Amino acid sequence: MTVANRTSFVDVRGKKTQLMVGGQGPPLLYLHSAAGETDWTAWHDALGQRFTVYAPAHPGFALSEGLDEIDDIHDLAWHCVDLLSVLGLERVPVVGFSLGGWLAVELAILRPALVSHLVLIDAAGLHLDESPMEELFIDDLDRLRRLIFHNPDHPAAANFFPSSRTDPRLLMWLRAREATARVAWNPYLHDPKLPRHLHRVGCPTLIVWGDDDRLIPSAHGAYYAEHIPGARLELLPSCGHMAPFEATAECAALVQGFLHQPSAG
Amino acid sequence: MQFFCFHLMPWDRLPDDFASHYDSAWTWLPNQLFDPAHGQTLYNRYLDELILAEELGFDGACINEHHQNAYGLMPSPNLMGAILARQTKRIKIAVVGNALPLYNPPTRVAEEFAMIDVMSGGRLIAGMVVGGGPEYYSFTLNPTFARSMYTEALDLVLRAWTEPGPFAHHGKHWRLKYVNPWPRPLQQPHPPIWIPGAGSKETIDFVAQRRYSYMGIPYFHIDFFQRNFDGFREACQKNGYTGSPSQLGWLVPIYVAENDEQAWREFEPHLTYFRRNLLKGLTIFPPGYTSVRSMARIHGALDKFLANVETRRDIEAGAYAIVGSPATVRDRLKEHSQRLGVGNLLGLFQLGTLPAELTRKNMWMFAKEVMPQLRGQ
Numbered sequence: 001m002t003v004a005n006r007t008s009f010v011d012v013r014g015k016k017t018q019l020m021v022g023g024q025g026p027p028l029l030y031l032h033s034a035a036g037e038t039d040w041t042a043w044h045d046a047l048g049q050r051f052t053v054y055a056p057a058h059p060g061f062a063l064s065e066g067l068d069e070i071d072d073i074h075d076l077a078w079h080c081v082d083l084l085s086v087l088g089l090e091r092v093p094v095v096g097f098s099l100g101g102w103l104a105v106e107l108a109i110l111r112p113a114l115v116s117h118l119v120l121i122d123a124a125g126l127h128l129d130e131s132p133m134e135e136l137f138i139d140d141l142d143r144l145r146r147l148i149f150h151n152p153d154h155p156a157a158a159n160f161f162p163s164s165r166t167d168p169r170l171l172m173w174l175r176a177r178e179a180t181a182r183v184a185w186n187p188y189l190h191d192p193k194l195p196r197h198l199h200r201v202g203c204p205t206l207i208v209w210g211d212d213d214r215l216i217p218s219a220h221g222a223y224y225a226e227h228i229p230g231a232r233l234e235l236l237p238s239c240g241h242m243a244p245f246e247a248t249a250e251c252a253a254l255v256q257g258f259l260h261q262p263s264a265g
Numbered sequence: 266m267q268f269f270c271f272h273l274m275p276w277d278r279l280p281d282d283f284a285s286h287y288d289s290a291w292t293w294l295p296n297q298l299f300d301p302a303h304g305q306t307l308y309n310r311y312l313d314e315l316i317l318a319e320e321l322g323f324d325g326a327c328i329n330e331h332h333q334n335a336y337g338l339m340p341s342p343n344l345m346g347a348i349l350a351r352q353t354k355r356i357k358i359a360v361v362g363n364a365l366p367l368y369n370p371p372t373r374v375a376e377e378f379a380m381i382d383v384m385s386g387g388r389l390i391a392g393m394v395v396g397g398g399p400e401y402y403s404f405t406l407n408p409t410f411a412r413s414m415y416t417e418a419l420d421l422v423l424r425a426w427t428e429p430g431p432f433a434h435h436g437k438h439w440r441l442k443y444v445n446p447w448p449r450p451l452q453q454p455h456p457p458i459w460i461p462g463a464g465s466k467e468t469i470d471f472v473a474q475r476r477y478s479y480m481g482i483p484y485f486h487i488d489f490f491q492r493n494f495d496g497f498r499e500a501c502q503k504n505g506y507t508g509s510p511s512q513l514g515w516l517v518p519i520y521v522a523e524n525d526e527q528a529w530r531e532f533e534p535h536l537t538y539f540r541r542n543l544l545k546g547l548t549i550f551p552p553g554y555t556s557v558r559s560m561a562r563i564h565g566a567l568d569k570f571l572a573n574v575e576t577r578r579d580i581e582a583g584a585y586a587i588v589g590s591p592a593t594v595r596d597r598l599k600e601h602s603q604r605l606g607v608g609n610l611l612g613l614f615q616l617g618t619l620p621a622e623l624t625r626k627n628m629w630m631f632a633k634e635v636m637p638q639l640r641g642q
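So, in structure tokens, the structure goes:
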């Protein structure tokens, strides 16, 4: 069943920000990945069964503006602080996937009072010498598909990117790439200072990882689980980096179980 | 018309199985394939070819900057420029250019270019480029800042040349308390500025607005040059002046031999090596390197890019390279340069595996049997 959702624009300290809101229940902030999943998908819908999902597009993604004022991940985290203020939300559960997971943990460090629960799914943010991340910034879309999906023939894989240079999704895809590169080119998809701050995360934290994530190896999940106080790691079998899309039901069940929301029936 | 001899200084010994075994001649191509002993031969041979250009009556020599690749072995064109400053007496030394964002701080460009200009007696043409897409991978330099770094660096270099130092620079990317480069350039107020471009509208407008010169980057269909040069002239009009042919340069591979058939027979295998191997991976556009709109436009033009053009007929039709007898080359160059409205012809007389003797014969025939007739234009 598809829950009601709508997309509008909010002004966040001068940045026009695209915001999709849908579902029913208490609020939940969803921070999207580098792929820029800013349209309502089955994954948003699964979360929306129990929560009112707030899914903003980060500056430079979709029709959100203001990338000129973003130089690094911390500027992006401050933008989230401002956004929550505009929405009048605090102590909300925050679910972040990949780039969004990195952003979520930076937010929880910066403004602990805004985050009630933290869910990191195949999150960027760390560099581990022994488990380096693969190259995300490649132009070969088929290679990229094989990199981030355990099963590149999964129906979700076909829907994710433009398939050719004439695909109408190309412009939005190029925007998403640019906005990702802005904060993640160098240092590559991580914040060298993040490890020394992970002890500051004070809220309950769930970490979810595809056990076959070839972009960000699951060792990164183990590192987060070890260094964020009380965090728990759940590995999803036969699942790649795109866990919310390859294993939508499993991811949603883990999030719902963690947030203790009883089924509405 | 001014005639320049442009050299890329390519690696000419990629393995025969290159096309099937390697994704790119750039950034990731294992540097174990570079043989330093052969490198010694190549560098000296290529420099000799540029020095020959002076003897043959060319107006200038062009060199450029690329990193971690087999396409062009000049990570530091300023080293080559310094050698040419000493080993030539007359010709312009066009370094087109220094990739400004790769110099930290970019006042290094003001310093090194001024050295070449002073040593050569004021023969430098100062090219300033953003750097190719692959460079942003090779340096792990954030491509989304490429344009703003470039603009800030270019203004800083110009200011360092024209404003008495020391002065302070407070920019977004560099903060320098004491800008005061020694030496200053010999040419006053500063050496001519050439800016190569691949067709992005931002660059064309910028060059026109500053009244610098715009060099069209090669390997695209002639119609693509025409559109860009027409766009440049329009941009000059918008800025209140009529663009001069001397503000435009056409960079194109040229091969002259005794007759058309011989020219193609001699040149084609080397052109093929260049197209299939050295161009592989050049057209990579890292995110944010140019505006999304320009990127979509360049993506659209890639079907008409030399690497994707196979036959002699298509190469001739698109003027991707000018190949033939002296008469053929003369006629084609005359026809195209008049239509394009360019005052500078930048010829690539060595390409890919083209060996020394054919390169010298090509340059010699061009200088004796093509250049004089075109000079009168």
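Chains as they are written, first to last, in my numbering: chain A, 1 to 265; chain B, 266 to 642.
Idealized CB from N, CA, C, for every residue including glycine.
All values derive from a computational prediction rather than experimental measurement.
Would you identify the three-state DSSP class for residue 20 of chain A, choosing helix, strand or coil?
Numbered from 1 along the first sequence, position 20 holds the residue referred to as residue 20 of chain A. Residue 20 of chain A falls in the strand class under three-state DSSP.
Considering only residues of the same chain and omitting the five flanking positions on each side of residue 355 of chain B, which have a CB-CB separation below 7 Å?
Locating residue 355 of chain B in the second sequence gives position 90, where the first residue counts as 1. 319, listed in sequence order.
Tell me the rounded alpha-carbon separation between residue 225 of chain A and residue 181 of chain A.
Walking along the first sequence from the start, residue 225 of chain A turns up at place 225. Walking along the first sequence from the start, residue 181 of chain A turns up at place 181. Distance between the alpha carbons of residue 225 of chain A and residue 181 of chain A is about 26 Å.
According to a CB-to-CB cut-off of less than 8 Å, which residues of the segment 411-440 of chain B neighbour chain A?
If the cut-off is 8 Å between Cβ atoms, the segment 411-440 of chain B has nothing near chain A.
Could you pull the start and end residues of the alpha helix (DSSP H) that residue 267 of chain B belongs to?
Residue mapping note: residue 267 of chain B aligns to position 2 of the second sequence, counting from 1. Taken as a continuous stretch (DSSP letters only), residue 267 of chain B belongs to no alpha helix (DSSP H), being part of the beta strand (DSSP E) at 267-271.
Can you check DSSP and say which residues form a bridge with residue 434 of chain B?
Counted from its first residue, the second sequence places residue 434 of chain B at position 169. Residue 434 of chain B pairs with B:441.
With 8 Å as the limit, tell me which residues of the segment 180-192 of chain A have their beta carbon closer than that to any beta carbon of chain B; keep them in chain order.
Of all residues in the segment 180-192 of chain A, 180, 181, 182, 185, 186 and 188 have a Cβ within less than 8 Å of some Cβ in chain B.
Mind checking residue 22 of chain A: buried by the 16 CB within 10 Å criterion, or exposed?
Along the first sequence, read from residue 1 onward, the residue named residue 22 of chain A stands at position 22. It is buried - the Cβ of residue 22 of chain A has at least 16 other Cβ atoms within 10 Å.
Per DSSP, which one or two residues make a beta bridge with residue 390 of chain B?
Mapped onto the second sequence, residue 390 of chain B falls at position 125. BP columns for residue 390 of chain B point to B:359.
Taking the runs of the beta strand (DSSP E) that are 3 residues or longer, which of them lie wholly in the segment 180-225 of chain A?
Those beta strand (DSSP E) runs which fall completely within the segment 180-225 of chain A and span 3+ residues are 205-210.
Does DSSP put residue 9 of chain A in a helix, a strand or coil?
If you number the first sequence from 1, residue 9 of chain A lands on position 9. Of the three classes helix, strand and coil, the one that applies to residue 9 of chain A here is strand, per DSSP.
Starting from residue 564 of chain B, find everything on chain A with Cβ-Cβ shorter than 7 Å and list it in chain order.
If you number the second sequence from 1, residue 564 of chain B lands on position 299. Those are 165, listed as they occur along chain A.
Going along the chain, which unbroken runs of the alpha helix (DSSP H) with 4 or more residues stay wholly within the segment 467-543 of chain B?
Listed in chain order, the complete alpha helix (DSSP H) runs (minimum 4 residues) inside the segment 467-543 of chain B are 487-503 and 525-538.
Can you tell me whether DSSP reads residue 253 of chain A as helix, strand or coil?
Numbered from 1 along the first sequence, position 253 holds the residue referred to as residue 253 of chain A. The answer is helix: DSSP assigns residue 253 of chain A an H, G or I state.
Near residue 413 of chain B, what residues of its chain come up, given a Cβ to Cβ distance below 8 Å and the 5 sequence neighbours on each side ignored?
Numbered from 1 along the second sequence, position 148 holds the residue referred to as residue 413 of chain B. Here the set comprises 437 and 438.
Do residue 551 of chain B and residue 371 of chain B count as a contact pair if the criterion is CB distance below 7 Å?
Residue numbering aside, residue 371 of chain B sits at position 106 when the second sequence is read from its first letter. Residue numbering aside, residue 551 of chain B sits at position 286 when the second sequence is read from its first letter. Not a contact, by the Cβ cut-off of 7 Å.
Just the Cα atoms here: how many angstroms apart are residue 619 of chain B and residue 104 of chain A?
If you number the second sequence from 1, residue 619 of chain B lands on position 354. If you number the first sequence from 1, residue 104 of chain A lands on position 104. Between residue 619 of chain B and residue 104 of chain A, the C-alpha separation is close to 56 Å.
Assuming residue 160 of chain A is part of the alpha helix (DSSP H), what are its boundary residues?
Numbered from its first residue, the first sequence carries residue 160 of chain A at position 160. Segment 155-160, the alpha helix (DSSP H) holding residue 160 of chain A.
For residue 570 of chain B, does the count of other Cβ atoms within 10 angstroms reach 16, so buried, or fall short, so exposed?
Counting from one through the second sequence, the residue named residue 570 of chain B turns up at place 305. Looking at its Cβ environment, which holds 16 or more other Cβ atoms inside 10 Å, residue 570 of chain B is buried.
Does any CB atom of chain A fall closer than 7 Å to the CB of residue 292 of chain B?
In the second sequence, the residue the question calls residue 292 of chain B occupies position 27. No, residue 292 of chain B does not count as interfacial toward chain A.
So for residue 633 of chain B, helix, strand or coil by DSSP?
Taking the second sequence and counting its residues from 1, one reaches residue 633 of chain B at position 368. Reduced to three states, the DSSP call for residue 633 of chain B is helix.
On the three-state DSSP scale, how would you describe residue 3 of chain A?
Position 3 of the first sequence, counted from the first residue, corresponds to residue 3 of chain A. Residue 3 of chain A: coil per DSSP, three-state reduction.
Let me see if you follow: with CB-CB separation under 7 Å, is residue 174 of chain A close to chain B or not?
Within the first sequence, the letter at position 174 stands for residue 174 of chain A. Yes, residue 174 of chain A lies at the interface with chain B (some Cβ there is under 7 Å from its Cβ).
Are the beta-carbon atoms belonging to residue 391 of chain B and residue 328 of chain B less than 7 Å from one another?
Within the second sequence, the letter at position 126 stands for residue 391 of chain B. Within the second sequence, the letter at position 63 stands for residue 328 of chain B. It is not a contact, given that the beta carbons lie outside the stated cut-off.
Could you tell me if residue 260 of chain B is buried or exposed, where buried requires 16 or more neighbouring beta carbons within 10 angstroms of its beta carbon?
Any answer about residue 260 of chain B is impossible in this case: the structure gives chain B only from 266 up to 642.
The beta strand (DSSP E) that contains residue 234 of chain A, what's its start and end?
Within the first sequence, numbered from 1, the residue matching residue 234 of chain A stands at position 234. First-last of the beta strand (DSSP E) with residue 234 of chain A: 232-236.
So, is residue 291 of chain B buried or exposed, given that buried needs 16 or more other C-beta atoms within 10 angstroms?
Locating residue 291 of chain B in the second sequence gives position 26, where the first residue counts as 1. Buried, because 16 or more other Cβ atoms sit within 10 Å of the Cβ of residue 291 of chain B.
Terminal residues of the continuous beta strand (DSSP E) containing residue 613 of chain B?
For the purposes of this step, residue 613 of chain B is identified with residue 348 of the second sequence, where counting begins at 1. Taken as a continuous stretch (DSSP letters only), the beta strand (DSSP E) holding residue 613 of chain B covers 609-613.
Any beta carbon from chain B within less than 7 Å of residue 177 of chain A's own beta carbon?
As a first step, residue 177 of chain A is located in the first sequence; it is residue number 177 there, counting from the start. True, the Cβ-Cβ gap to chain B drops below 7 Å.
What first and last residue would you give for the alpha helix (DSSP H) that runs through residue 584 of chain B?
The residue labelled residue 584 of chain B in the question sits at position 319 within the second sequence. Residue 584 of chain B -> no alpha helix (DSSP H), and no H or E assigned at all.
Do you know how far the Cα of residue 236 of chain A is from the Cα of residue 251 of chain A?
Translated into positions along the first sequence, residue 251 of chain A becomes position 251. Translated into positions along the first sequence, residue 236 of chain A becomes position 236. Approximately 8 Å between the Cα atoms of the pair.
Anything in the segment 121-148 of chain A with a Cβ closer than 7 Å to a Cβ of chain B? List those residues in chain order, please.
Within the segment 121-148 of chain A, the qualifying residues are 137 and 139.
Go to residue 94 of chain A, then tell me how far its beta strand (DSSP E) extends in each direction, as first and last residue.
Your numbering for residue 94 of chain A matches position 94 in the first sequence. 92-97 is the extent of the beta strand (DSSP E) around residue 94 of chain A.
At a Cβ threshold of 7 Å, is residue 171 of chain A touching chain B?
Reading the first sequence from its first residue, position 171 is the one you call residue 171 of chain A. With 7 Å as the cut-off, residue 171 of chain A counts as an interface residue toward chain B.
For residue 134 of chain A versus residue 215 of chain A, is the C-beta distance shorter than 7 Å?
Position 134 of the first sequence holds residue 134 of chain A. Position 215 of the first sequence holds residue 215 of chain A. Against a cut-off of 7 Å, the Cβ pair of residue 215 of chain A and residue 134 of chain A comes out as a contact.
Are the CB atoms of residue 587 of chain B and residue 598 of chain B within a distance shorter than 7 Å?
Residue mapping note: residue 598 of chain B aligns to position 333 of the second sequence, counting from 1. Residue mapping note: residue 587 of chain B aligns to position 322 of the second sequence, counting from 1. Taking 7 Å as the Cβ cut-off, residue 598 of chain B and residue 587 of chain B qualify as a contacting pair.
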